[in-house]
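Colleague:
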Amino acid sequence: MDEKPRCLQCKHFRNSPQYLESIYKGLTVLSSAYASVRSEDGICVLKDLILAAYQRCDLFEPIGGHSLGLEPDHSR
Amino acid sequence: MANQASPAMAAPAAPAPMGWRELYLKEDWWAIYLGIGLMVMTLVAFWMGSNAVKLLFINPGGVKWTTLGQLLAHFQQNLNLYLLQCLFWMVVFGVTTSIMGIKLSKFIPSFLFLYVLSIIMFSISGWANAARYNLEPPLVALILGLILANVVPLPKWLDAGFRVEYFIKTGIVLLGATFPITLIVTAGPIALLQATIISVTTCLIIYFVGTRVFGLDKRLASVIGVGGSVCGVSASMAIASSVKAKKEDLYTSVTLVVVWALVMIIVLPLVSKALHLAAGIAGAWIGTSEFADAAGFAAASAYGKMAGNENAAIQGFTLMKVIGRDMWIGIWSFVFAMIACLKWEKEECGVRPNAMEIWWRFPKFVIGFFLATLLMTMVTAGYSTAAFNSTVKPNLIMPLVSIRSWTFIFCFLSIGLTTRFRELKSAGWKPFGAFTTGVAVNVLLGFILSNYVFGAYWSALGK
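Chains as they are written, first to last, in the working numbering: chain A, 3 to 78; chain B, 264 to 726.
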């Protein structure tokens, strides 16, 4: 069974509702990042993709690791 | 110094999946707690023969004033009640949003501003001549909000209290308390059938026109396809992650959905009025053609007031949108995730979606809507029609309607107040073309199904 860590645990993954609502101007007009339908989706700032938190990839780097100088953001 | 810290200390703990912590981190659940809590409070007051809830949720909408003096006299007489009410809403919404992570220090001034505007909205609707000039609260609230957000330089932090979705979800749960369960049983399947026909047709049209005619990327076409057919930006968000869409794809969907939804809030009620549609038919039409719950409730409520049967319009809309469309977002997301994984990117699928995702993405506030309906049905089952009309309606149903009116007006104002046109990113003419084609088909097909094919069901609502 593949036990590679998931995007949720990656330093490049941002999924706090505050962060998502701040980058997507207009999101709160008719929606919300605090909604159940979003689940734990977030953005991979390395690939600029919208991803589910359960996804995995080979570019995974653990939170606290050092590269790119990107700050982790997993507050909810 | 601390630069010799052990690796365990240097690296923060990896976050665990949210799981059931969503019970206090997602607004859907808070909308259930709040809606059911308010319902229980109203029930207790009803059983005790107390009019405390009626007094607490006072609004000037029923004053029917003709001079400003009359309106001012109303506020002078009830100043303490309004202060208490404002405090109640501020504490309830402030504490719950704070638990979800919104700063209370920003929420409080924002909500106070929203409350004052809401008082002004209700006061306008309480003017004796308001109906003659079509000053329907949802439309007036939307337009006032839009003007303030786009003309007056309101600070961005003020958005903290303009929680459109939270307000409308709480209102929908409260709406469940006044929604006949028999209607869900009899008209629910028709709503589901009509909504499914339109959702699937619209989504496929946007997708195929987008990919085949305009040459859009299939992921972008999927994201805007569900945005225009299922549930606006919320559905787009869910599908974007399922198909691993680009970050920019969601910007496109936000712009298209917001612009078209605002246009439809104004146009659908006015066209319905011009066509003299029955309120239930217009509600069903709006339910199939509006993208988001908040926008749809604004349109349905506005037309219901114009037609003198708000109940029917709201019922038609709710059946079509909440039961026919919202509930199925999780399944749409799962299906798209499977298509993306098994067909689009076989070599680099990542992780196959788990069926549990359908549950995690389920718009939980719908559970609150059904719960409220069931609870109220059980409570009122023993009353005769005469007793219901003389006792239950004025002392239980009407206070609940008044509470709901507050959450709806907070929502309608917040739509306008959060819409800053200058902040919306350009969608590009190709996505606009694909989306607009879908909107045109959706509106036309929705009208045919609501007015002709299933018109007999929808025109009977509210009678």
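C-beta atoms are modelled at their ideal positions from N, C-alpha and C, and glycine is treated no differently.
Looking at the secondary structure, which residues open and close the alpha helix (DSSP H) in which residue 346 of chain B lies?
Modeller: Residues 342-363.
Colleague: On the DSSP letters alone, give me the boundaries of the alpha helix (DSSP H) that residue 83 of chain A sits inside.
Modeller: Outside the shown range of chain A (3 to 78) lies residue 83 of chain A, about which nothing can therefore be said.
Colleague: What separation, rounded to the nearest whole angstrom, lies between the Cα atoms of residue 41 of chain A and residue 630 of chain B?
Modeller: For residue 41 of chain A and residue 630 of chain B, the distance between alpha carbons rounds to 17 Å.
Colleague: Residue 53 of chain A CB to nearest chain B CB: under 8 Å?
Modeller: Chain B, which has a Cβ nearer than 8 Å to the Cβ of residue 53 of chain A, makes this yes.
Colleague: For residue 40 of chain A, go through chain B and note every residue whose CB falls closer than 9 Å to its CB, in chain order.
Modeller: Those within 9 Å of residue 40 of chain A in chain B are 289, 497, 500, 501, 504, 624.
Colleague: For the alpha helix (DSSP H) containing residue 466 of chain B, list its first residue and its last residue.
Modeller: Residue 466 of chain B -> alpha helix (DSSP H) spans 444-471.
Colleague: DSSP three-state call for residue 2 of chain A: helix, strand or coil?
Modeller: As displayed, chain A neither begins before 3 nor continues past 78, which places residue 2 of chain A out of reach and without an answer.
Colleague: Relative to the alpha-carbon of residue 642 of chain B, which residue among B:426, B:344, B:317, B:444 has its alpha-carbon at the smallest distance?
Modeller: Residue B:444 is the option with its Cα nearest to residue 642 of chain B.
Colleague: If you follow the beta strand (DSSP E) that residue 660 of chain B is part of, which residue opens it and which one closes it?
Modeller: Note, residue 660 of chain B: premise wrong, no beta strand (DSSP E); not H, not E.
Colleague: Counting contacts by CB-CB distance shorter than 8 Å, is residue 518 of chain B in contact with chain A?
Modeller: Chain A contact via Cβ: present.
Colleague: Can at least three beta-carbon pairs, one atom from the stretch 46-56 of chain A and one from the stretch 494-512 of chain B, be found at a separation below 8 Å?
Modeller: Judged by Cβ distances under 8 Å, the stretch 46-56 of chain A makes contact with the stretch 494-512 of chain B, as three or more pairs qualify.
Colleague: How big is the Cα-Cα spacing for residue 454 of chain B and residue 587 of chain B?
Modeller: The alpha-carbon atoms of residue 454 of chain B and residue 587 of chain B are separated by roughly 5 Å.
Colleague: May I ask you to list the residues that DSSP assigns as paired with residue 52 of chain A?
Modeller: Answer is A:45.
Colleague: Name the chain A residues whose beta carbon is nearer than 9 Å to that of residue 678 of chain B?
Modeller: Chain A residues near residue 678 of chain B: 31, 32.
Colleague: Is the closest heavy atom of the ligand MG to the C-beta of residue 522 of chain B under 7 Å?
Modeller: With respect to the ligand MG, the structure shown offers nothing to examine, as it has no ligands at all.
Colleague: Are the stretch 528-548 of chain B and the stretch 708-721 of chain B in contact at 8 Å, needing three or more beta carbon pairs?
Modeller: The stretch 528-548 of chain B vs the stretch 708-721 of chain B: in contact.
Colleague: Whose C-alpha, out of B:709, B:346, B:681, is nearest the C-alpha of residue 414 of chain B?
Modeller: Taking only the C-alpha atoms, the option nearest residue 414 of chain B is B:681.
Colleague: Closest by CA to residue 689 of chain B, which one among B:707, B:617, B:367, B:513?
Modeller: Considering only alpha carbons, the answer is B:513.
Colleague: According to DSSP, what are the bridge partners of residue 15 of chain A?
Modeller: Paired residue(s): A:46.
Colleague: Can you tell which of B:701, B:702, B:658 has the C-alpha that lies nearest to the C-alpha of residue 304 of chain B?
Modeller: Checking every option, the nearest Cα to that of residue 304 of chain B belongs to B:658.
Colleague: Over what stretch of residues does the alpha helix (DSSP H) that includes residue 329 of chain B continue unbroken?
Modeller: Residue 329 of chain B -> no alpha helix (DSSP H), and no H or E assigned at all.
Colleague: For residue 639 of chain B, I'd like the list of residues in its chain whose CB is within less than 6 Å of its CB, leaving aside the five on either flank, ordered along the chain.
Modeller: Contacts found: 440.
Colleague: By the three-class DSSP mapping on this structure, what secondary structure does residue 509 of chain B have?
Modeller: Residue state, collapsed to three classes: strand.
Colleague: Just checking: is the beta-carbon of residue 717 of chain B within a distance shorter than 8 Å of some beta-carbon in chain A?
Modeller: No - not a single Cβ of chain A is within 8 Å of the one on residue 717 of chain B.
Colleague: Between the stretch 418-430 of chain B and the stretch 659-674 of chain B, are three or more C-beta pairs nearer than 8 Å?
Modeller: These segments touch.
Colleague: How about residue 521 of chain B: is its C-beta nearer than 8 Å to some C-beta of chain A?
Modeller: True, the Cβ-Cβ gap to chain A drops below 8 Å.
Colleague: Answer yes or no: does any C-beta atom of chain B fall closer than 8 Å to that of residue 61 of chain A?
Modeller: No, residue 61 of chain A does not count as interfacial toward chain B.
Colleague: Alpha carbon to alpha carbon, how far is residue 484 of chain B from residue 478 of chain B? Give it in angstroms, no decimals.
Modeller: Answer to the nearest angstrom: the Cα atoms are 9 Å apart.
Colleague: Does the stretch 613-632 of chain B come close enough to the stretch 578-595 of chain B to have 3 or more Cβ pairs within less than 8 Å?
Modeller: Cβ pair count under 8 Å is three or more, so yes.
Colleague: Between residue 698 of chain B and residue 460 of chain B, how many whole angstroms is the CB-CB distance? I'm expecting something under 8 Å.
Modeller: About 19 Å separates the two Cβ atoms, so there is no contact after all.
Colleague: Report yes if the CB atom of residue 526 of chain B is closer than 8 Å to the CB atom of residue 28 of chain A, and no otherwise.
Modeller: No, these two residues do not count as a Cβ contact at 8 Å.
Colleague: So if I threshold CB-CB distances at 8 Å, which residues from the stretch 567-594 of chain B count as touching chain A?
Modeller: Per Cβ criterion, the list reads 592, 593.
Colleague: How would you label residue 418 of chain B, buried or exposed, when you count the other beta carbons within 10 angstroms and need 16 or more for buried?
Modeller: Exposed.
Colleague: Report yes if the C-beta distance between residue 409 of chain B and residue 679 of chain B is below 8 Å; otherwise report no.
Modeller: Yes. Within cutoff.
Colleague: Given a limit of 9 Å on CB to CB distance, which residues of the stretch 543-568 of chain B reach chain A?
Modeller: Residues passing the 9 Å Cβ filter: 554, 555, 556, 557, 558.
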